[in-house]
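Colleague: Just passing along the structure, written as structure tokens.
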Amino acid sequence: MQALTRYISPGWLLVAPFFLLVVAFYLGPLVNILWLSLTDPEPGLGNYRMLTESDALARILWTTLRICAITTVFSVVIGYCLAYAMVHAHQKSQNWMLTLLLISFWISVLVRTFAWLMLLGHNGVVNSGMEAIGLIDRPVRFMRNELGVLIGMVHYMIPYAVLPLMANMQTLDPRVMAASRNLGANGVQTFRRIYLPLTIPGIVASSLLVFILSLGFYVTPAILGGGRVLMVAEYISVQLLVTLRWGTAAMLGTLMLIGVLALLWIMSRFMRLTTVFGGGATR
Amino acid sequence: MQDKQFMKETLLDGARAYRAGRMDRRTFLALCGAAGVATNAVLAGDAQAAADHIVMWNWGGISEECHGNAIGVPFTEKTGMGMRFDTSGPLEGKIREMVDSGNVTADVADGDLFNAVSLGPTGHLEAIDYDIVSKERTLPQYALEYGVSVILYGYAFVYDTEAYGDNPPQNWADFFDTEKFPGTRSLYKWANGSLEAALMADGVPGDQLYPLDMERALAKIQSIKDDSIYWGSGSEVHSMVVSGEASMAIIWQNRGKNIEEDTEGRYKLVNNQAMAMPGAYIVPKGNPAGREAAMQFIATAQEVPSQLAILECLGMTPSNPEAFSQIPEHQQAYAITSAQNIDKIVFNDPVWWGENSSEAVNAFLDAIS
Chain A
1 MQALTRYISP
11 GWLLVAPFFL
21 LVVAFYLGPL
31 VNILWLSLTD
41 PEPGLGNYRM
51 LTESDALARI
61 LWTTLRICAI
71 TTVFSVVIGY
81 CLAYAMVHAH
91 QKSQNWMLTL
101 LLISFWISVL
111 VRTFAWLMLL
121 GHNGVVNSGM
131 EAIGLIDRPV
141 RFMRNELGVL
151 IGMVHYMIPY
161 AVLPLMANMQ
171 TLDPRVMAAS
181 RNLGANGVQT
191 FRRIYLPLTI
201 PGIVASSLLV
211 FILSLGFYVT
221 PAILGGGRVL
231 MVAEYISVQL
241 LVTLRWGTAA
251 MLGTLMLIGV
261 LALLWIMSRF
271 MRLTTVFGGG
281 ATR
Chain B
1 MQDKQFMKET
11 LLDGARAYRA
21 GRMDRRTFLA
31 LCGAAGVATN
41 AVLAGDAQAA
51 ADHIVMWNWG
61 GISEECHGNA
71 IGVPFTEKTG
81 MGMRFDTSGP
91 LEGKIREMVD
101 SGNVTADVAD
111 GDLFNAVSLG
121 PTGHLEAIDY
131 DIVSKERTLP
141 QYALEYGVSV
151 ILYGYAFVYD
161 TEAYGDNPPQ
171 NWADFFDTEK
181 FPGTRSLYKW
191 ANGSLEAALM
201 ADGVPGDQLY
211 PLDMERALAK
221 IQSIKDDSIY
231 WGSGSEVHSM
241 VVSGEASMAI
251 IWQNRGKNIE
261 EDTEGRYKLV
271 NNQAMAMPGA
281 YIVPKGNPAG
291 REAAMQFIAT
301 AQEVPSQLAI
311 LECLGMTPSN
321 PEAFSQIPEH
331 QQAYAITSAQ
341 NIDKIVFNDP
351 VWWGENSSEA
361 VNAFLDAIS
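Chains A and B, in that order, are what the protein sequence lines are.
Under my numbering, the first residue of the first sequence is numbered 1, with each subsequent residue one higher.
Under my numbering, the first residue of the second sequence is numbered 1, with each subsequent residue one higher.
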């Protein structure tokens, strides 16, 4: 026992039950998915070979990556502006803005998706309004295409982009910016050379968060894409429920998991992840 | 999980044996004790209840009420067994998962006959017992080893009378002709029905569709891709049509009837060249109420009064030929096996779909996305 406590901190004993629980209920199923991707329908790397052989899969992955990347760029740019405005607003209006942001954050994805159909759909408020004042002859197609998916996803993701950025901006010392102005830099220079570099951890954190969450989007593309925008999550669900190709589904699931982990690993080469996720904010 | 399932089965067998008088009360109670079931729960009938009702796995909505009244009531009269519902929708993957996990909680799944072709040989379904279920009370090509068609639903199309009022589209060729009939189409995104419609539009006779020429069908579907959107559920296509997003849509014929009624005739259903799809009640392997009870249930659903009640309530057409001539006047235009429609429709081949649906769905998704 003595020897044991020398090498293993007794604190682990306290953690051990929960640790084992997590291993059993979290890692277990993950290993099962990995196993399925290597054994169904037949043992081997057949499912992974499909990645190079099937144009369809390559196209679905490309669509997914493209949509996620565009979503990330727009969400983070808009989120940056919002966060900037919120951090520098008066306390009272900041509270208001935060409340509005959180309300939108808490509304279910399904409701928000259908709300866009109501607004921008064929007979939606925007189209009928523009027709009524004579701006257009026939309804503009905002929805049931890639544009619709992007609008829905960016809207859903903005709160996720704002929150890490805000946390980052709030920790900045305003005296640094004051010093820059004092030394003769104008507003644009101060922003570009001082403020922006200081908020890079926030930008990275929100980009990562938005990108990773976007990868798993299912409801929004399925409804707003009108069946023409097929992303990985929907494809996985079809393989599980309709075509019964569980091996393909498991392979794609594994691929997404590895992709996300790889992304985090690459980031960790450039910066400490604790900084990105707020741990280093006070340092 | 396995142990629990084993105990449950033992207990159910015990309950049946006890009821049938093959097991004395003391033994049965001891069995319950061993299984960890409180005696008072058993006396209240809980354990027996499990063997005393049938669980139908369907798609929810009004079908719960309809199946209950049309099949559940006569089934209870005949067998004394009750009926309950699981409305989560028996997709093929869910049936397979349920059987594989060893925790089968449904007796009869409201599925497609092609599910029976793909899930039967892999051991996920109970075979149909044709001593109880009648082969005569369905169409001859739809009495298969692991499934029997109990109703027919159909893929037809609706069109907007305001857009094409003077010269309405009449068949699939018109549906795929975007020059003569400009406007957005909506097609079913899981391939079924859309492929056959495309082939008929391209000139393949309705009785020579199978095996489907996938390349030809997909080329036809891609030819109107710029004017197409795709739906995944009945409510989705309903809203696409009613909101004016689509001027024509491939649709389930009973949904088409609802749309006609909702829009007071602005959208009209065309049943010419409609494809009859065999809907089947299939039985997951090891169903809790036992195979015989499930077969009794299917046999009840085949009877003419049940068939006509389902038509009235859900708009699903009878598959029992005895019922064809009894389809009431106001359903003639909508029921696909009515005297008015039966010569104009084509029949789906569940065997082709059961064997090829994975490839077909994936190829279709690839073509439209």
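Note that the Cβ used here is the ideal one computed from N, Cα and C, for glycine as well.
Taking 8 angstroms as the CB-CB limit, is R49(A) close to chain B?
Modeller: no
Colleague: Would DSSP call P201(A) helix, strand or coil?
Modeller: helix
Colleague: Who are the near neighbours of T199(A) in its chain, counting only those whose CB is closer than 8 angstroms to its CB and skipping five residues on each side?
Modeller: Y80, L165, N168, M169, L172
Colleague: Using a Cβ distance threshold of 8 angstroms, determine whether the stretch 250-264 of chain B contacts the stretch 138-148 of chain B, with at least three qualifying pairs required.
Modeller: no
Colleague: For a cutoff of 8 angstroms on Cβ pairs, would you count I310(B) as touching chain A?
Modeller: no
Colleague: Grab the span of the beta strand (DSSP E) containing I229(B) for me, first residue to last.
Modeller: 228-231
Colleague: Should A123(A) be flagged as near chain B, meaning a C-beta pair shorter than 8 angstroms?
Modeller: The amino acid occupying residue 123(A) in the given sequence is Asn; Ala does not appear at that position. Yes, N123(A) counts as interfacial toward chain B.
Colleague: Quick check: what's the CA-CA separation for A281(A) versus V162(A)?
Modeller: With a pLDDT of only 45 at A281(A), under the threshold of 50, the placement of this residue in the model should not be trusted; the figure read from the coordinates follows. Going from the Cα of A281(A) to the Cα of V162(A) covers about 16 angstroms.
Colleague: Output yes or no for whether 8 angstroms exceeds the beta carbon distance between M370(B) and I345(B).
Modeller: Given a span of 1 to 369 for chain B in the structure shown, any question on residue 370(B) remains unanswerable.
Colleague: Specify whether the stretch 152-160 of chain B and the stretch 263-274 of chain B touch according to this definition: at least 3 beta carbon pairs, one from each stretch, less than 8 angstroms apart.
Modeller: The stretch 152-160 of chain B is in contact with the stretch 263-274 of chain B.
Colleague: Let me see if you follow: with CB-CB separation under 8 angstroms, is A132(A) close to chain B or not?
Modeller: With 8 angstroms as the cut-off, A132(A) does not count as an interface residue toward chain B.
Colleague: Taking the alpha-carbon positions, what's the G89(B) to K92(A) distance?
Modeller: Going by the C-alpha atoms only, they are around 49 angstroms apart.
Colleague: Measure the C-alpha to C-alpha separation of E359(B) and R245(A) and round it to an integer number of angstroms.
Modeller: 10 angstroms
Colleague: Flag this pair as yes or no: are the beta carbons of M118(A) and F217(A) separated by less than 8 angstroms?
Modeller: no
Colleague: Under DSSP, the beta strand (DSSP E) around I132(B) begins and ends at which residues?
Modeller: Careful: I132(B) lies outside any beta strand (DSSP E) and carries neither H nor E.
Colleague: Thinking C-alpha only, which one of A106(B), G102(B), E92(B), G93(B) is nearest Q83(B)?
Modeller: According to the sequence provided, residue 83(B) is Met. The question's Gln does not apply to it. The shortest Cα separation from M83(B) among A106(B), G102(B), E92(B), G93(B) belongs to A106(B).
Colleague: Please state the DSSP three-state secondary structure of F85(B).
Modeller: strand
Colleague: Is L241(A) close to chain B, meaning its C-beta is less than 8 angstroms from at least one C-beta of that chain?
Modeller: yes
Colleague: Whether or not the stretch 179-195 of chain B and the stretch 213-228 of chain B are in contact is what I'm after, with contact meaning three or more pairs of Cβ atoms, one per stretch, closer than 8 angstroms; do they touch?
Modeller: yes
Colleague: Out of A179(A), G226(A), L20(A), S180(A), which has the shortest C-alpha to C-alpha gap to L147(A)?
Modeller: G226(A)
Colleague: Taking only runs that begin and end inside the stretch 207-255 of chain B, name each unbroken beta strand (DSSP E) of 3 or more residues, in chain order.
Modeller: 228-231, 248-252
Colleague: Would you say I251(B) lies against chain A (beta-carbon separation less than 8 angstroms)?
Modeller: no
Colleague: Bridge partners of W57(B), per DSSP?
Modeller: Per DSSP, the beta bridge partners of W57(B) are D86(B), A109(B).
Colleague: May I have the straight-line CA-CA distance separating D213(B) from G354(B), to the nearest angstrom?
Modeller: Going from the Cα of D213(B) to the Cα of G354(B) covers about 16 angstroms.
Colleague: What is the DSSP secondary structure of L187(B), counted as helix, strand or coil?
Modeller: strand
Colleague: Please list the residues of the stretch 141-158 of chain A that have a C-beta atom closer than 7 angstroms to any C-beta atom in chain B, keeping them in chain order.
Modeller: R144
Colleague: Closer than 8 angstroms by C-beta to M130(A): which residues in its own chain qualify, once you throw out the five before and the five after it? Chain order, please.
Modeller: I136, V140
Colleague: Among A173(B), W190(B), G234(B), P288(B), which one has its Cα closest to the Cα of V204(B)?
Modeller: Closest in alpha carbon position to V204(B), among A173(B), W190(B), G234(B), P288(B), is A173(B).
Colleague: At which residues does the alpha helix (DSSP H) containing Q302(B) begin and terminate?
Modeller: 291-302
Colleague: Going by beta-carbon coordinates alone, are T48(A) and M251(A) separated by less than 8 angstroms?
Modeller: For clarity, residue 48(A) is Tyr in the given sequence; the question names Thr instead. Cβ distance < 8 angstroms, so Y48(A) and M251(A) count as in contact.
Colleague: What is the DSSP secondary structure of S237(A), reduced to helix, strand or coil?
Modeller: helix
Colleague: Mark F85(B) as exposed unless 16 or more other C-beta atoms lie within 10 angstroms of its C-beta, in which case mark it buried.
Modeller: buried
Colleague: What residue from L209(B), Y334(B), A201(B), E236(B) has the CA that sits closest to Y381(B)'s CA?
Modeller: A question about residue 381(B) goes unanswered here, because the residues of chain B that appear run from 1 up to 369.
Colleague: Report the residue from L255(A), W62(A), I8(A) whose alpha carbon sits nearest the alpha carbon of S369(B).
Modeller: W62(A)
Colleague: Does the count of Cβ pairs from the stretch 109-125 of chain B and the stretch 277-292 of chain B closer than 8 angstroms reach three?
Modeller: yes
Colleague: Mind pulling the chain A residues with CB within less than 8 angstroms of V361(B)?
Modeller: V238, V242, T243
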